[in-house]
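Presented below is the structure to which this report refers.
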Amino acid sequence: MAVVENLPSPSTERPIGFGRLKRKEDARFIRGKGTYLDDIELPGMVHGAVLRSPYAHARIVSIDTSAALAHPNVAAVVTAKDLETLGLAWMPTISYDTQAVLAGDKVRFQGQEVAFVIATDEYSANDALALIDVEYDPLPAVVNARKALDADAPLIRDDKSGQADNLASPTWEAGDERATERAFAEADHVVSRDMIYPRCHPAPLETCGIIADFNPETGQLDIYNGNQAPHAHRTVYAHVAGLAEHMIRIRCQDIGGGFGNKVPVYPGYVCAIAGSIVAGVPVKWVENRSENLMSTGFARDYIMRGEMCSKDGKITGLRVDAIADHGAFDSTAQPTKFPAGFFHIVCGSYDLQASHVKVKAVYSNKAPGGVAYRCSFRVTEAVYLVERMVDALALEMKADPIDLRMRSFIAAEQFPYETTTGWTYDSGEYAKTMDVAKKIAGYDDLRREQAEKRARGELMGIGVSFFTEGVGAGPRKHMDILGLAMNDGADLRVHPSGKAVVSISAQTQGQGHETTFAQIVAEELGIPPEDVEVRHGDTDKSPYGLGTYGSRSTPVSGGAVAVVSRKVRDKARMIAATMLETRPEDLAWEKGRWYVKGDPEKGAMIEDIAARAYSGEPMPADFEGGLDAQVIYDPPNLTYPYGAYIAVVDIDPDTGHVKVRRFIAVDDCGVRINPMVVDGQIHGGLAEGVGIALMELISFDEEGNCLNSSFMDYLIPTALECPDFELGETVTPCPHHPLGAKGVGESPTVGSPPAIVNAVIDALYEPHGVEHIDMPCTPARVWAAMQGRPEPPQ
Amino acid sequence: MDISTTVNGEQVSGEVEPRQLLVHFIRETLGLKGTHWGCDTSNCGACVVLMDGRPVKSCTVLTAMCEGHEIRTVESLEVDGELDPLQQGFHERHALQCGFCTPGMLMTARALLDENPDPTDQEIRTAISGAICRCTGYQNIVSAVRWAAEHESATKQEI
Amino acid sequence: MQTPAPFEYERATSVEGAIAALERLGSDARIIAGGHSLLPMMKLRLASPEYLIDINDLAELAYIREQDGEIRIGAMTRHVDLLKSELLARRFPLFRDAETVIADPVVRNRGTIGGSLCQADAAEDLSAVCSAAKAQVVIRGAEGERVVGMEDFHVGPFMTAVGAGEILTEVRLRMRRGAGSGHEKVERRAGDWAIAAASAALWVDGGTIDDVGIALSAVGVTTIHLTRAEELLRGKPPSDELFAQAGVIASEDCSPSADGRGPIDYKRHLAGVLTQRALRRSAARALSEEA
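Here it is, written out as structure tokens:
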């Protein structure tokens, strides 16, 4: 493809377009001059704090707020009763369920919002929480999704009319059940495994928060809030609060990490808005860490049974039965027509004969969410399952896990490839990528080293995973959230001096949009990236779009920016033709300049064209003047990045402690706009994958108490648990993306956990017969597996 | 209660509640928003500042404890428009993404280099092991601290 | 973020002053040293003292020195200084073993030995370290000083021999010939509290174990003093077989409970493994010292 040929060398220090350009946004962050939500102070601002339920399931008998109201610094205490009068007691979730803003009838998970205190300062607001007296009548809690389906399980959602059980939605299926039965009947080898992808949490370093500033005189609601989808939030607030959408302005300034956690609208946000409407002053509310871990969007919590079969040495069939645990309210993030998200991408990178996938969704007395954590709508669970199953099958077949994958890959010439569950993969050369990883790892040497160590009683494991993701939701005909098409806008204005502003609807949380999107404009218009300012995060100043999650920034907003740049370029061509007194079709383009075909000396630079566009000089006929354009980009398909990962682990045979010694990641995300930023995304995602595989877990006791409600117990890897990651790349351009690019942010978090678990099993299977271990592979859980009794996480 | 302390080389005094945490004195009372906070249990390191030259977690120090002591925050690193080599190194080596952990990392690394001007990768990893970064996987932070160590004496430059 | 409930604050300028303040304010007052255990508990509102007496500025309690055949460590000596002390590393290397894995380097800049011992969290490393090293602690009150051996220091969960109106001021380690010591810990992640940890110290004389101290962290409601294993070892030449037997005793004599760090049998197993490792390391150091 042409775009590849045009690529500058990745080592180019100051590229005009693509390349390793250092980030523009660093200048403020390295000086401590970023503006995060809690850094913002408004005149007259007061502070909110949320009282939360200590019970996982209980009826609320009474709430006495009088003592809190008597606190000299308390302005108001809001309860469900107050919200009912405003029509704000319940709010819609992004999955068409409803969620209590403040619990009135009963609480359904530990940490649920019960009351909202507004005080002059944060310390007083926290003090007042202790003064609210709530009487609860505890009910039995269900925290296990399978038990939630028992006939005698307590009914969690008695607020929903007609709800007689804890099923959150009808069973959802994909693939061909009968064809799959045939594939299994004809198979040479069949394996099955039960596995859990346990609940974990994105836990961005900055917690969630909001400042709501309602002006009663003008009716204008200003919201400051670090969220990943400001336009969608505004639409939701308009619906929830009955406010006029054009009178709401959301500003997201710097965001201290999101990873999916900052996609949903949380009850605390609605409380702050209601508080500001009632009190007439700005209300700030910022979560503490426990609130973040106990009540906001968790990730995963899938209970899965997989069966896989092979014939003639090649994987042929896959059957999956999964239960999704949504917690007390279904606020899973996914496009409307995909109730199990993209989980049915579970057939992975393999040319299967048939597959069949079933997903049930249940309510439990746990926090709602299911909002990813660096994951495109359940792709992570799917990749984990299929990559664990391939290794299980390789054990059964006594095959090398790389060989089995190589034999079963979709071949390069089969693309575009229609999977047995209905996805159309865009492009790939899987075997090539696997080979690169194998080479970097020195795979054969590693196997020799392992054999020597095994003979000495040492435990070393080599784990492989090969993932294919679908990212960049998505095409309007298939994908919407709450009826909003998953498209993104871009608005590009080139000013008379040739300097440009591009406004985008993607919302950075650290991904480097201010640099990368400037590079796209720079590449397309041939102007220096420092001459392009990227605007985002202000609903008054950026075009409508659905924000940044699911690795959609480059696939969707990147497409929008490429297309809008080309529109501007076409407009420039018209003007250049007038300037050069020729016809547009007689002009040719080189970076930054239109010139006359056959007379390359005669041409016009973009900045000259821009000056002309705003000048009093003659213009092309029917030309309005100016050099700008707007687009809404509707991607024709998802993009399908993929990668080959190899993990090497050492396990202490006496303590079960797992150390990731090496990690090799070869990603193919198509054309890389800024390879430095791409590498950074991969590093970060791998660290999160190490965390999920080894330590990150949100667990509950039988009563529904959350056991990981602070960073003392929700463990995130430090610099000492992360190895130096060894990266490689192949570039297979995306055929339908204007730049040939694919999404990448989530690939490392999707692909790394199965590689690490496969490595752990690779170390333990031969000496200890361990066939499976659920994550996280903590020392205790690994040791228990070595004793022959692997235990599911609580 | 009255408190008098030195912050970034300047004497500051004022009245604070005894229970006020140092992170709030820095952020709210002094308006230095470069110091962040990320947890309540002194596990994340976002709030690290230097107290008498040693990195401490300012969420777990009372303002009252700072009487007569010297505090340094991220705002002190750039002097007369010249970046600290660590700031430059973080930019050069893409050692930050969302930027939220960056001030704590910078101050932790500053103390390391002040004590050990030529640390190994493992020493750097140990020194920053009390600080969580959710974005970078730490590799580029290690590389940035090495960059700074190698450039400490070199001319500092404006971005 | 979470914030502590209101309290009155008093900055001590001398040990006597701190003791007088404790006497004056009674049971509603707490001493605060590094604060890295107490302040998080106060933020979680699990502790709400009415008065805090801050002893951070008592420089007179921050020292590590040799005196009268002992190493004397002031109660306000911070973890980082214990880690860096060459004297301790030479005489009682288990301190350096432990200090490289206690919390994280930033926390180690604030936390103190006195605070750690007085918090008496059974999962805390220094209580086991001091027990194994047969330390004595100096406790001062209005009536004067008393010296208490570590064997009498832990009187219950989170309870120590330090009484009302008293302050722990010093830790004393007697220097003897042929000493070797080690600390072994398994944690879920760097900086986490121990799943289990074992401290050991051996004094070898003429090829036999003259004296020995072994203690365990995180496998009981208090620090576990492994007296039965100590008795087994005393008077015998160090050997892997002997240490394996001590490991078996460690597994038997601890009383862990199940939690997010692991089930009971795993912690018993670890107690045994780590006791063996700590003893082996101690013996190697003692023998090289003796040689």
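Chains as they are written, first to last, in this note's numbering: chain A, 52 to 845; chain B, 1207 to 1365; chain C, -12 to 278. Backbone N, C-alpha and C define an ideal beta-carbon position, used for all residues, glycine too.
- Which residue or residues does DSSP assign as beta-bridge partners of residue 638/A? The residue labelled residue 638/A in the question sits at position 587 within the first sequence. In the DSSP assignment, residue 638/A is bridged to 647/A.
- Query: What residues match up with residue 1349/B in a beta bridge as DSSP calls it?
  - Reply: Counting from 1 along the second sequence, the entry for residue 1349/B is found at position 143. Answer by DSSP bridge pairing: none, since residue 1349/B is not bridged.
- Task: In the DSSP assignment, find the unbroken alpha helix (DSSP H) run with residue 455/A in it and report its ends.
- Result: Numbered from 1 along the first sequence, position 404 holds the residue referred to as residue 455/A. For residue 455/A, the enclosing alpha helix (DSSP H) has its first and last residue at 452 to 459.
- Message: I'd like the list of long-range same chain contacts for residue 287/A, defined as Cβ closer than 6 Å, with 5 residues on each side in sequence excluded.
- Response: Numbered from 1 along the first sequence, position 236 holds the residue referred to as residue 287/A. Counting only Cβ-Cβ distances below 6 Å, and skipping sequence neighbours, we find 316.
- Query: Which bits of chain D does residue 92/C rub up against, with CB to CB less than 8 Å?
  - Reply: Looking for chain D here will not work: the only protein chains present are A, B and C.
- Unbroken alpha helix (DSSP H) runs of length 4 or more, entirely within the stretch 176 to 222 of chain C: which are they? With a minimum length of 4 residues, the continuous alpha helix (DSSP H) runs that stay inside the stretch 176 to 222 of chain C are 214 to 220.
- First through last residue of the alpha helix (DSSP H) which encompasses residue 481/A: For this step, residue 481/A is matched to residue 430 along the first sequence. Note, residue 481/A: alpha helix (DSSP H), 481 to 492.
- Candidates 74/C, 240/C, 68/C, 88/C: closest to residue 100/C by CA position: Walking along the third sequence from the start, residue 100/C turns up at place 113. When 74/C, 240/C, 68/C, 88/C are compared, the shortest CA-CA separation from residue 100/C is found for 68/C.
- Item | Proximal residues of chain C, C-beta to C-beta of residue 1261/B below 8 Å | Translated into positions along the second sequence, residue 1261/B becomes position 55. The contacting residues are 92, 93, 96.
- Item | Beta carbon proximity, residue 73/A to chain B, threshold 8 Å | Looking up residue 73/A in the first sequence gives position 22. Put simply, the CB of residue 73/A is near chain B, with a gap under 8 Å to one of its CB atoms.
- Query: Shortest alpha-carbon distance to residue 409/A belongs to which of 392/A, 403/A, 179/A, 843/A?
  - Reply: Numbered from 1 along the first sequence, position 358 holds the residue referred to as residue 409/A. The alpha carbon of residue 409/A has as its nearest neighbour, out of 392/A, 403/A, 179/A, 843/A, the alpha carbon of 392/A.
- Looking at chain C, which residues of the stretch 708 to 734 of chain A have a Cβ within less than 8 Å of any of its Cβ atoms? Listed by position along the chain: 708.
- Message: Is there a C-beta anywhere in chain B that falls below 8 Å from the one on residue 64/C?
- Response: Mapped onto the third sequence, residue 64/C falls at position 77. By this cut-off, residue 64/C is not an interface position.
- Considering only C-alpha positions, which residue in the set 1223/B, 1267/B, 1327/B, 1301/B is nearest to residue 93/C? As a working note, residue 93/C is residue 106 in the third sequence. Minimum Cα distance to residue 93/C is reached at 1267/B.
- Message: Within the continuous beta strand (DSSP E) that includes residue 127/C, where are the two ends?
- Response: The count along the third sequence starts at 1 and reaches residue 127/C at position 140. The continuous beta strand (DSSP E) containing residue 127/C extends over residues 123 to 128.
- Query: Counting contacts by CB-CB distance shorter than 8 Å, is residue 1208/B in contact with chain C?
  - Reply: Translated into the one-based positions of the second sequence, residue 1208/B becomes position 2. Not one chain C Cβ lies under 8 Å of residue 1208/B.
- Query: Within the 8 Å Cβ cut-off, does residue 1311/B reach chain C?
  - Reply: Numbered from 1 along the second sequence, position 105 holds the residue referred to as residue 1311/B. For residue 1311/B, the nearest beta carbon of chain C is not closer than 8 Å to its own beta carbon.
- Message: For residue 405/A, list the residues DSSP reports as bridge partners.
- Response: Position 354 of the first sequence holds residue 405/A. Note: residue 405/A sits in a beta bridge opposite 368/A.
- May I have the straight-line CA-CA distance separating residue 91/C from residue 345/A, to the nearest angstrom? As a working mapping, residue 91/C is identified with position 104 in the third sequence. As a working mapping, residue 345/A is identified with position 294 in the first sequence. Computed Cα separation, rounded: 25 Å.
- To the nearest angstrom, how far is it from the Cα of residue 545/A to the Cα of residue 678/A? Counting from 1 along the first sequence, the entry for residue 545/A is found at position 494. Counting from 1 along the first sequence, the entry for residue 678/A is found at position 627. So the two alpha carbons sit approximately 5 Å from each other.
- Message: By the three-class DSSP mapping on this structure, what secondary structure does residue 176/A have?
- Response: In the first sequence, residue 176/A corresponds to position 125, counting from 1. Residue 176/A falls in the helix class under three-state DSSP.
- Message: Rounded to the nearest angstrom, what separates residue 569/A and residue 628/A at their Cα positions?
- Response: Your numbering for residue 569/A matches position 518 in the first sequence. Your numbering for residue 628/A matches position 577 in the first sequence. Cα to Cα, residue 569/A sits roughly 26 Å from residue 628/A.
- Select from 624/A, 799/A, 463/A the residue whose C-alpha is nearest the C-alpha of residue 647/A. Taking the first sequence and counting its residues from 1, one reaches residue 647/A at position 596. Across the set 624/A, 799/A, 463/A, the C-alpha of 624/A shows the shortest separation from the C-alpha of residue 647/A.
- Query: Shortest alpha-carbon distance to residue 82/A belongs to which of 1273/B, 1292/B, 1269/B, 1233/B?
  - Reply: If you number the first sequence from 1, residue 82/A lands on position 31. The residue with the shortest Cα to Cα distance from residue 82/A is 1292/B.
- Item | Inter-residue spacing [alpha-carbon to alpha-carbon] between residue 657/A and residue 632/A | Counting from one through the first sequence, the residue named residue 657/A turns up at place 606. Counting from one through the first sequence, the residue named residue 632/A turns up at place 581. Approximately 16 Å between the Cα atoms of the pair.
- Sequence-distant residues of the same chain with beta carbon closer than 7 Å to residue 143/C, five excluded per side: Looking up residue 143/C in the third sequence gives position 156. Excluding its 5 nearest sequence neighbours in each direction, residue 143/C has C-beta neighbours in its own chain below 7 Å: 209, listed in chain order.
- Task: Compute the Euclidean distance between the alpha carbons of residue 247/A and residue 377/A, then round it to the nearest angstrom.
- Result: Sequence index remark: in the first sequence, residue 247/A carries index 196 (1-based). Sequence index remark: in the first sequence, residue 377/A carries index 326 (1-based). Between the C-alpha atoms of residue 247/A and residue 377/A there is a straight-line separation of about 14 Å.
- Item | Per DSSP, the bridge partner or partners of residue 519/A | Residue mapping note: residue 519/A aligns to position 468 of the first sequence, counting from 1. Paired residues: 693/A.
- Compare the C-beta of residue 248/C against all C-beta atoms of chain B and say whether one is closer than 8 Å. Position 261 of the third sequence, counted from the first residue, corresponds to residue 248/C. So no, residue 248/C is outside the interface.
- Message: With three or more beta-carbon pairs closer than 8 Å as the criterion, would you say the stretch 464 to 482 of chain A touches the stretch 498 to 508 of chain A?
- Response: Short answer: they don't touch.
- Query: Do residue -1/C and residue 40/C have their C-beta atoms within less than 8 Å of each other?
  - Reply: Numbered from 1 along the third sequence, position 12 holds the residue referred to as residue -1/C. Numbered from 1 along the third sequence, position 53 holds the residue referred to as residue 40/C. Contact flag set, yes.
- Leaving out the 5 sequence neighbours to the left and right, which residues in its chain are closer than 7 Å to residue 133/C when beta-carbon positions are compared? As a first step, residue 133/C is located in the third sequence; it is residue number 146 there, counting from the start. So the qualifying residues of the chain are 126.
- Task: Could you pull out every residue in the same chain whose Cβ sits closer than 6 Å to the Cβ of residue 1353/B, ignoring the five residues on either side in sequence?
- Result: Sequence index remark: in the second sequence, residue 1353/B carries index 147 (1-based). Contacts found: 1295, 1298, 1299.
- How would you label residue 146/C, buried or exposed, when you count the other beta carbons within 10 angstroms and need 16 or more for buried? Here residue 146/C corresponds to residue number 159 of the third sequence, with the count starting at 1. In this structure residue 146/C is exposed. Its beta-carbon is surrounded by fewer than 16 other beta-carbon atoms within 10 angstroms.
- Task: Would you give the residue range spanned by the alpha helix (DSSP H) that residue 815/A belongs to?
- Result: Working through the first sequence from its first residue, we reach residue 815/A at position 764. Where residue 815/A is concerned, the enclosing alpha helix (DSSP H) stretches over 798 to 819.
- Item | Touching by the beta-carbon criterion (3+ pairs, under 8 Å), the stretch 166 to 180 of chain C and the stretch 267 to 275 of chain C | Inter-segment contact for the stretch 166 to 180 of chain C and the stretch 267 to 275 of chain C is present: three or more beta-carbon pairs are separated by less than 8 Å.
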